[in-house]
Amino acid sequence: MRLFTHRIVQGKGLAAVLLKRAASVSLSWDVRQKSRFHATDLQGKPLAVSLPRGQVIRGGDVLVGEGNELLVVHAAPQPLMQVTPCPTHGQAFDLLRAAYHLGNRHVSLQLTPEAIYLEHDPVLHDLLLRMHMEVALIEAAFEPESGAYAAAHGQGHDHGHRHDHGHDHGHGAHRHD
-18 MRLFTHRIVQ GKGLAAVLLK RAASVSLSWD VRQKSRFHAT DLQGKPLAVS LPRGQVIRGG
42 DVLVGEGNEL LVVHAAPQPL MQVTPCPTHG QAFDLLRAAY HLGNRHVSLQ LTPEAIYLEH
102 DPVLHDLLLR MHMEVALIEA AFEPESGAYA AAHGQGHDHG HRHDHGHDHG HGAHRHD
């Protein structure tokens, strides 16, 4: 069985021709959160993944295996709830309020300006309906926010500025020994 032990975030630095020739795998969010698992690629060949603990695989990441074999990861469509404000009497603020309540429950959320996406859960579905939110059951790839305590820029993007500037955060001097 082929073993993949390294991850290249969003295939950064790899030539397009290499990615085009690479095998692919489509994985749900539940699987992509794990550091060790078995799967089958899109050609039907079995594979194993063993990454360092704590690494989360995102759609577009590339796994590297023995002999430098590449495997492109796709976020598999899965059952989700799409949450939007009520079109009749809702407001954009309602979406923010729903995100707050879901966040208090430590629910993984994918956020857009128009909607919140989360994995289907009957209890949360009822809660959102009681909050007068529109809830549609859909099938789509799920790429939730990485969370406040995840590594900075955990989704492979850069805002073009540095964070090495010095300033006081109001809690005394910092020691850098």
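For the sequence shown, the positions run -18 to 158 when the working numbering is used.
Every residue, glycine too, gets a C-beta built ideally from N, C-alpha and C.
Next on the checklist: Suppose you measure from the CA of G84 to the CA of P94; what does that come to, to the nearest Å?
Outcome noted: 16 Å
Checklist entry - Which two residues bound the contiguous beta strand (DSSP E) that contains F18? => result R17 to T21
Checklist entry - Is it buried or exposed for V6, if we count other Cβ within 10 angstroms and need 16 for buried? => result Counting every other CB atom within 10 Å of its CB across the protein chains shown gives V6 a total of 16 or more, marking it as buried.
Next on the checklist: For I(-11) and H113, I'd like the C-alpha separation in whole angstroms.
Outcome noted: 42 Å
Item to check | Separation of I119 from E50, as counted between CA atoms | outcome: Their Cα atoms are separated by approximately 34 Å.
Checklist entry - So who's on the other strand from E100, going by DSSP bridges? => result Bridge partners of E100: L61.
Item to check | Inside the segment 32 to 91 only - alpha helix (DSSP H) runs reaching at least 4 residues | outcome: 73 to 85
Next on the checklist: Is it buried or exposed, H134, if we count other Cβ atoms within 10 angstroms and call 16 or more buried?
Outcome noted: Bear in mind that a pLDDT of 40 at H134, under 50, signals an unreliable position, so the number given afterwards is only what the model happens to contain. Exposed is the call here.
Next on the checklist: So, with DSSP's three-state summary, where would you put K(-7)?
Outcome noted: coil
Checklist entry - What are the residues that DSSP puts in a beta bridge with H(-13)? => result V45
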